[in-house]
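Protein chains in written order, with my numbering: chain W, 1446 to 1759; chain D, 1446 to 1759.
All C-beta atoms in this analysis are idealised placements derived from N, C-alpha and C, irrespective of residue type, glycine included.
What follows is a set of notes on a single structure, which appears directly below.
There are 2 protein chains.
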Amino acid sequence: MRDTSGVSRESPAGRHAISADLIAVLVAAPNGSPMVLTIKNATALPSGPFELGHRSLQSGLRDWVEQQTGHPLGYIEQLYTFADRDRSSDEMANRVISISYLGLTREEPAHGTPPGSWRSWYEFFPWEDHRAGAPEIIQDIIVPRLRQWADGAGQQDMRQNRLRRAASAFGFDDRQWNEELVLQRYELLYEADLVEEAVRAKGTGEASAVPSRSMSGDHRRILATGIARLRTKIKYRPVVFELMPPEFTLLQLQRAVEALAGLTVHKQNFRRLIEQQDLVEETGQMSSDTGGRPAKLFRFRHAVLDERTVAGTK
Amino acid sequence: MRDTSGVSRESPAGRHAISADLIAVLVAAPNGSPMVLTIKNATALPSGPFELGHRSLQSGLRDWVEQQTGHPLGYIEQLYTFADRDRSSDEMANRVISISYLGLTREEPAHGTPPGSWRSWYEFFPWEDHRAGAPEIIQDIIVPRLRQWADGAGQQDMRQNRLRRAASAFGFDDRQWNEELVLQRYELLYEADLVEEAVRAKGTGEASAVPSRSMSGDHRRILATGIARLRTKIKYRPVVFELMPPEFTLLQLQRAVEALAGLTVHKQNFRRLIEQQDLVEETGQMSSDTGGRPAKLFRFRHAVLDERTVAGTK
DNA sequence: CCTTATTATGCTCTGGATGAGTATAATAAG
DNA sequence: CTTATTATACTCATCCAGAGCATAATAAGG
């Protein structure tokens, strides 16, 4: 605090060498399924070193992703920067700072795209998809094991505390399900040794993780952070449109929102909200893809972005 | 994307050396004035190198701040990570990544505390304080200069666009003032060369900055980010209490919220909101400090934090 | 003692947003 | 020509936030 301000920075003698990584949570939502780009057989998020040549972190990520996927990145947002010591397995000499980003892209690349591949994010978080009601895995597996974990606590008040946190995260004991608590839920499961990563890291003997696809390192945690951020963001900023094709029906838009939120919404109310906010305009075209009455096609009104501080959906 | 996952990370050969800085936006709000800790005669935010010895970024910042200020840090939140090339003046050889944090502390240090000193954040952003109505600086200086700037644009649609953005940021042309747009407003003024930093960086000849205290580098921008984050956060998380003494009256609490938001709130509605959310409990004591009917003293109910996903104020 | 200023606190009214339901229109498929 | 499916228009009740009115409790000044 004394002598190092941001600008008249002295020469960095005495500082340790640190390298920086970019990690991306890349999201697409083709026909109402929320996909995330993974590598290494769906065990890791795409990442790469931050090169000195880049103008900024943001542009470094954008260049790198567009080069790799061949698709433009619609929206980029920084998620979080990690430098925890236990992140890199055991190398102490050189420390890695990981800067994670959320990126939205309009479509998944058509051509095969190994080595990266798109996965539904609910493979990693099966308890997060409530579009067809609360998944059975919650009542059947998660709740009993969390109760067990709470009972395992020493003192009375710690037991109470664990139970309260579990109930509020997973919405039992007449608590309401809150779709935004993705990270809290993952962290709770981690703390209770109910995800594979926790068993692996802590070396706890009896592994009884909740069935779900795990990732290496803390990548699943980063993914949880990205999903949580996106679920809150769509409520007050019109970012869903970054995932939509140029023209779409209102039902397609609704399906995309539902895919992200993991919840269904009331159709009529959804339309009322969208239209009264002037987020979209008719193209004049109709779509009759899936049987039933043909739907009007809409496009996003880009003008709203600088018209006012714009609200999102739902 | 091909071969660098987060975990089986190969040795960092070929990567360039990078060093990391922590920058803190430290906020206190003694008797209803929002203060930020500065150094170097209020031209910079406190910052320091990130050492390898620290367990994590967060704990590194906490250790460092508590050691420097002698006061515990109630709440810490990461703001943003910068690595723009133009941040460090001209040294290209070694690049600095700056990780900025928002920290809330309960009181300003009693003893003198040079070299750091607390300043009202409205010295840096005089246009942000609307507690006594919209400041004159907006109508008298900012709006005309922004109109001038918009008129200076080449094409018609660019002129329109600039005007729309200005009106939405500063709430003129019957637009509503939105206290959360702190960063947008600063960036707009920067773009229009109306803050000293822009004149300095771009070397634009005629300097006609809006009167306000500037900072070195992009520190004022970081401060704007912190204020904006805090103004949104108090609406859905009970973080104001991190700035309050253990016991306080409801009016003191209201004054703190108003100081942060830069707005006045309806007293009765504020109290209704606080009490119906069970955020506070009576201590049984009364305070008769300032004349008038004595007020009940309250304390924050820490239990609410794990009871449920808790809302904030306003 | 009485008036005034100041603050705390209780209560009401109103408009808008939100959640949820009902009804009707337009198409395809059998 | 019936059924299934989707789009789209209304309606209704509830909740909440903004705003105002009224009253209680104190200090200070005449």
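- DSSP, reduced to helix, strand and coil, places serine 1661 of chain D outside both helices and strands of the structure shown, so it counts as coil.
- For the pair threonine 1728 of chain D and leucine 1742 of chain D, the CB atoms are nearer than the 9 Å cut-off.
- Counting only Cβ-Cβ distances below 9 Å, tyrosine 1525 of chain W has contacts in chain D at Gln1523, Thr1526, in chain order.
- Listed in chain order, the positions of the segment 1672 to 1690 of chain D with a beta carbon within less than 8 Å of a beta carbon of chain W would be empty, since no residue qualifies.
- Counting the other CB atoms within 10 Å of its CB gives aspartate 1619 of chain W a total below 16, which places it among the exposed residues.
- Nearest CB-CB separation between phenylalanine 1495 of chain W and chain D: below the 9 Å threshold.
- Taking one beta carbon from each stretch, the segment 1655 to 1663 of chain D and the segment 1689 to 1704 of chain D have fewer than 3 pairs nearer than 8 Å; the two do not touch.
- Per DSSP, the unbroken alpha helix (DSSP H) holding valine 1588 of chain W starts and ends at 1588 to 1596.
- Approximately 16 Å separates the beta-carbon atoms of phenylalanine 1570 of chain W and valine 1588 of chain W; this is outside 8 Å, ruling out the contact.
- The Cβ atoms of arginine 1592 of chain W and alanine 1598 of chain W do not sit closer than 9 Å to each other.
- For leucine 1708 of chain W, there are no C-beta contacts with chain D under 8 Å, since the nearest C-beta of that chain is about 16 Å from it.
- Under the three-state reduction of DSSP output, lysine 1647 of chain D falls in the helix class.
- One alpha carbon belongs to proline 1479 of chain D, the other to alanine 1487 of chain W, and they sit about 47 Å apart.
- In the three-state scheme derived from DSSP, where H, G and I count as helix and E and B as strand, arginine 1604 of chain D is classed as helix.
- For leucine 1471 of chain D, the uninterrupted beta strand (DSSP E) segment begins and ends at 1463 to 1473.
- Listed by position along chain D, the residues whose Cβ is nearer than 7 Å to that of isoleucine 1542 of chain W are Ala1465, Ile1542.
- In the displayed model, alanine 1579 of chain W falls within coil according to three-state DSSP, outside both helix and strand.
- In the DSSP annotation of this structure, glutamate 1496 of chain D is not part of any alpha helix (DSSP H), being labelled neither H nor E.
- Assigned with DSSP and collapsed to three states, tryptophan 1622 of chain W falls in coil, not helix or strand.
- Going by beta carbons, threonine 1670 of chain D and valine 1627 of chain D fall inside the 9 Å limit.
- By alpha-carbon distance to tryptophan 1566 of chain W, the top candidate from W:Thr1526, W:Ala1489, W:Val1541 is W:Ala1489.
- Collapsing the DSSP output to three states places threonine 1709 of chain D in coil.
- If you ignore the 5 residues before and after lysine 1647 of chain D, its C-beta comes within less than 8 Å of the C-beta of Asp1638, all in its own chain and listed in chain order.
- A Cβ of chain W is located within less than 9 Å of the beta carbon of leucine 1502 of chain D.
- Proximity of the segment 1514 to 1526 of chain D to the segment 1660 to 1676 of chain D meets the contact definition, three or more beta-carbon pairs being nearer than 8 Å.
- In the structure shown, the three-state DSSP call for lysine 1741 of chain D is strand.
- Leucine 1634 of chain D sits away from arginine 1610 of chain D, with the two beta carbons spaced by 9 Å or more.
- Note on geometry: alpha-carbon atoms of isoleucine 1468 of chain D and alanine 1595 of chain D lie some 34 Å from one another.
- Glutamate 1636 of chain D places its beta carbon 9 Å or farther from that of aspartate 1663 of chain D.
- In this structure tryptophan 1622 of chain D is not in contact with alanine 1577 of chain D, their Cβ atoms being roughly 14 Å apart against a cut-off of 8 Å.
- Leaving aside the five residues that flank histidine 1711 of chain D on each side, none in its chain has a CB nearer than 6 Å to its CB.
- In this structure, DSSP gives leucine 1668 of chain W a helical state, which the three-state scheme calls helix.
- Taking each of W:Ile1679, W:Arg1666, W:Asp1466, W:Leu1750 in turn and checking the Cα distance to leucine 1708 of chain W, the smallest one comes out for W:Ile1679.
- In this model, glutamate 1625 of chain D and aspartate 1574 of chain D are separated by some 12 Å (Cα to Cα).
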